[in-house]
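Written below as C-alpha cells is the structure these notes are about.
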Amino acid sequence: MTLEIGVIGTGMIGQDHIRRLTHVLSGARVAAVTDVDLDRARAAAADGVTVHETGAALIADPAVDAVVVTSWGPTHEEYVLACIAAGKQVFCEKPLATTREACDRVLDAEVALGRRLVSVGFMRRYDAQYRAMKEVVTSGAIGAPLIMHAAHRNPSVPGFYTGEMMINDSTVHDIDVARWLFDDEVAAVTVVFGRTSSKAGPGFRDPMLVLLEMASGVLVDVEASAHAGFGYDIRGEVVGEDGTVELSEAAGPVVKRAGRFGGRIPADWRERFVGAFDGELQAWVDAVAAGGTTGPSAWDGYAATVVCETGLAALRTGAREAVSLRARPDLYKEQPEP
Ligand code: NAP
Numbered sequence: 000m001t002l003e004i005g006v007i008g009t010g011m012i013g014q015d016h017i018r019r020l021t022h023v024l025s026g027a028r029v030a031a032v033t034d035v036d037l038d039r040a041r042a043a044a045a046d047g048v049t050v051h052e053t054g055a056a057l058i059a060d061p062a063v064d065a066v067v068v069t070s071w072g073p074t075h076e077e078y079v080l081a082c083i084a085a086g087k088q089v090f091c092e093k094p095l096a097t098t099r100e101a102c103d104r105v106l107d108a109e110v111a112l113g114r115r116l117v118s119v120g121f122m123r124r125y126d127a128q129y130r131a132m133k134e135v136v137t138s139g140a141i142g143a144p145l146i147m148h149a150a151h152r153n154p155s156v157p158g159f160y161t162g163e164m165m166i167n168d169s170t171v172h173d174i175d176v177a178r179w180l181f182d183d184e185v186a187a188v189t190v191v192f193g194r195t196s197s198k199a200g201p202g203f204r205d206p207m208l209v210l211l212e213m214a215s216g217v218l219v220d221v222e223a224s225a226h227a228g229f230g231y232d233i234r235g236e237v238v239g240e241d242g243t244v245e246l247s248e249a250a251g252p253v254v255k256r257a258g259r260f261g262g263r264i265p266a267d268w269r270e271r272f273v274g275a276f277d278g279e280l281q282a283w284v285d286a287v288a289a290g291g292t293t294g295p296s297a298w299d300g301y302a303a304t305v306v307c308e309t310g311l312a313a314l315r316t317g318a319r320e321a322v323s324l325r326a327r328p329d330l331y332k333e334q335p336e337p
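Heads up: the sequence shown runs through residues 0 to 337, numbered per numbering that gives the first Met the number 0.
Structure follows, in C-alpha cells:
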C-alpha cells in the first residue's frame with residue numbers, strides 16, 4: 000500500500016520533506032500540497048499532485064491518508080486539531096504549538112479521541128550518534144548519569160534572529176534530547192550570559208548557557224551559540240558514575256596526513272541531520288501504513304513548548320525558573336519507539 004500524504008506549508012522544510020517523500024523514502028507519495036502562498040505550493044507540486052487552497056480542504060480530501068504539517072509554527076495548532084477531528088495521522092514539524100495553552104488543547108483533543116494521531120518532528124532521536132549514546136546510557140555501562148554537557152553552535156544566523164529564537168528554535172532540540180535520553184522531565188531552567196560575541200547584533204547576547212535541571216537531579220548544560228563561524232557543531236557528553244559517553248567528533252572519516260588530522264564539520268543542520276530526517280519520516284510512514292504511529296508524541300511536543308516558555312522566562316529574569324507540567328495523561332504513559 001502506498002500512503003497518500005498531504006503537505007501543509009511548502010517553505011524550506013516542506014520542500015525538503017516533499018523531496019524526501021518523493022525520492023528518498025519508500026511506501027508513501029505526496030498526493031496534495033497547500034501553502035498560504037499558492038504559487039509556492041504550485042511550484043512544489045509535481046504532476047498529479049493536487050494543490051488545495053487551504054489546509055482545511057487538504058485535510059478533508061478523502062484522497063489524503065495522512066498529513067505532514069510544515070507551515071509556520073503559529074499555524075500548527077489549527078492544522079493538528081483539524082487532523083485529530085478528521086481522524087487522520089499527522090506528522091507536525093516542531094513546535095507542536097507555540098504556547099502551553101495551544102498544546103493543552105491538542106492534548107485534550109487527542110485524549111478525548113482516545114488514540115494517538117500526532118507525531119512531532121524532533122529528528123535528533125533518529126540520529127545514529129544520539130541513538131548509540133542512548134543505548135550506552137540505558138545499558139548502565141557508564142553507571143547512573145550525573146551531568147550532560149551539550150553545545151549547539153550555529154555558524155551564523157539570519158539578521159532577524161534573537162536570543163528568544165535561540166531557545167525556541169535551537170535549544171528546543173537539546174531540551175527534547177535531554178527528556179528522551181534520560182526518560183525524564185525538565186524540572187527547572189536557568190539562563191546565564193557572559194561575554195557577548197562581537198559578531199552578535201545589537202541587543203543579542205550571544206552565546207548563552209542554558210542549564211536544565213532534570214527531575215532526577217541530572218544537570219544538562221547547553222552552550223547555545225549563534226555565531227560560531229567555523230561550522231554547525233553539535234556536541235554532547237554524558238558523565239555517569241562509572242564513565243562517560245560522547246558524540247563523536249565527525250560522522251565522516253578522520254584524515255591523518257603530514258603530521259595533522261582533520262575531518263569535515265557540517266555546514267548546517269540539514270547536512271548534520273540528513274540521516275535523522277530521513278529516518279524519522281520513514282519510521283512514521285511505516286508506522287502509519289501499519290495502522291499506528293511512532294516518534295515523539297503530542298506530550299513530548301507539549302513538554303518541549305512548556306520548557307521553552309520557562310526558558311524564555313529565565314532569560315528575562317536571570318533567575319532559576321521552575322517548570323510546571325500538567326499531569327501526564329494515561330494515553331502518553333506508554334511511549335512508542337524510539
Ligand atoms: P518557512 O520556509 O517560512 O516555510 C513555512 C511555509 O508555510 C511558508 O511557505 C509559509 O508561507 C507557509 N505558511 C505560513 N502560514 C501558513 C498557513 N496558515 N497555511 C499554510 N502555509 C502557511 O519555514 P521553515 O523553515 O520551512 O519552517 C517550517 C516549520 O518547520 C517551522 O515550524 C519550523 O520550526 C520547523 N522546522 C523544523 C526543523 C527541524 O530541525 N526539525 C528545521 C527547520 C524548520 P509565508 O512564507 O508566505 O508565510
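Note that the Cβ used here is the ideal one computed from N, Cα and C, for glycine as well.
Model, not experiment: these values are computed from the prediction.
Taking all protein chains shown into account, decide if Gly19 is buried (16 or more other Cβ within 10 angstroms of its Cβ) or exposed.
The sequence given here places Arg at residue 19; Gly does not occur at that position. So Arg19 ends up on the buried side.
Quick check: Leu324 and Glu184, are their CB atoms within less than 9 Å of each other?
Between Leu324 and Glu184, the C-beta spacing is below 9 Å.
Does the Cβ of Ile83 lie closer than 8 Å to at least one heavy atom of ligand 1?
Checking every heavy atom of ligand 1 against the Cβ of Ile83, none is found closer than 8 Å.
For my contact list, Leu280 and His75 are in at a C-beta cut-off of 8 Å; report their separation, rounded to the angstrom.
About 17 Å separates the beta carbon of Leu280 from that of His75, a gap too long to meet the 8 Å contact definition.
Can you round the beta-carbon distance between Leu2 and Val284 to whole angstroms, since I take them to be within the 8 Å contact cut?
Beta-carbon to beta-carbon, Leu2 and Val284 are separated by about 6 Å, close enough to satisfy the 8 Å threshold.
Could you give the residue range of the beta strand (DSSP E) that holds Val238?
Taken as a continuous stretch (DSSP letters only), the beta strand (DSSP E) holding Val238 covers 232–239.
At 4 residues or longer, and completely inside the stretch 92–162: list those alpha helix (DSSP H) runs for me, N to C.
Whole alpha helix (DSSP H) segments, 4+ residues: 99–112, 127–138.
DSSP three-state call for Asp220: helix, strand or coil?
The answer is strand: DSSP assigns Asp220 an E or B state.
Phe30 - DSSP class collapsed to helix/strand/coil
One detail in the question is off: residue 30 reads as Ala in this sequence, not Phe. When DSSP states are grouped into helix, strand and coil, Ala30 belongs to the strand group.
Hey, would you say the C-beta of Val50 is under 8 Å away from at least one heavy atom of ligand 1?
No - ligand 1 has no heavy atom lying nearer than 8 Å to the Cβ of Val50.
Is the closest heavy atom of ligand 1 to the C-beta of Met213 under 8 Å?
Distances from the CB of Met213 to the heavy atoms of ligand 1 are all 8 Å or more.
Flag this pair as yes or no: are the beta carbons of Ala177 and Val219 separated by less than 9 Å?
Yes, the Cβ-Cβ distance between Ala177 and Val219 is below 9 Å.
Tell me where the beta strand (DSSP E) around Ile166 begins and ends.
It is not in any beta strand (DSSP E) - Ile166 carries neither H nor E in the DSSP assignment.
Length-filtered (4 minimum) alpha helix (DSSP H) runs lying within the stretch 38–82
The stretch 38–82 contains, as complete alpha helix (DSSP H) runs of 4+ residues, the segments 54–59 (chain order).
So, helix, strand or coil for Met213, using DSSP?
Three-state DSSP puts Met213 in a strand.
Indicate whether the contact test is met: 3 or more Cβ pairs, each with one atom in the stretch 160–173 and one in the stretch 221–235, closer than 8 Å.
Enough Cβ pairs lie closer than 8 Å, so yes.
Contact between the stretch 81–101 and the stretch 116–128 is defined here as three or more beta-carbon pairs at a separation below 8 Å; is this criterion met?
By the C-beta criterion, the stretch 81–101 is judged to be in contact with the stretch 116–128, since at least 3 inter-stretch pairs fall below 8 Å.
Nearest to Arg104 by CA position, among Met122, Phe121, Ala84, is which residue?
Nearest neighbour of Arg104 by Cα position, chosen from Met122, Phe121, Ala84, turns out to be Ala84.
Can you look up Thr11 in the DSSP assignment and give me helix, strand or coil?
The sequence as given places Met at residue 11; Thr does not occur at that position. Three-state result, Met11: helix.
Is the beta carbon of Phe159 within less than 8 Å of some heavy atom of ligand 1?
For ligand 1, not one heavy atom lies less than 8 Å from the Cβ of Phe159.
When you compare the stretch 48–57 with the stretch 26–35, are there three or more beta-carbon pairs, one atom per stretch, that lie closer than 8 Å?
Yes, since at least three Cβ pairs between the stretch 48–57 and the stretch 26–35 fall closer than 8 Å, the two stretches touch.
Excluding the five sequence neighbours on either side, which residues of its own chain have a C-beta within less than 8 Å of the C-beta of Thr69, listed in chain order?
Its chain contains Val6, Ile7, Gly8, Thr9, Gly10, Ile12, Gly13, His16, Glu92 as the residues whose beta carbon lies nearer than 8 Å to that of Thr69, once the 5 sequence neighbours on both sides are disregarded; these appear in chain order.
Looking at C-alpha atoms only, which residue of Ala42, Ile58, Ala289, Ala150 is the closest neighbour of Met207?
Among Ala42, Ile58, Ala289, Ala150, the Cα nearest to that of Met207 belongs to Ala150.
Helix, strand or coil at Arg204 [DSSP, three-state]
Of the three classes helix, strand and coil, the one that applies to Arg204 here is coil, per DSSP.
Is any heavy atom in ligand 1 found nearer than 8 Å to the beta carbon of Thr309?
With a cut-off of 8 Å, the C-beta of Thr309 is classified as distant from ligand 1, since no heavy atom of the ligand falls inside that distance.
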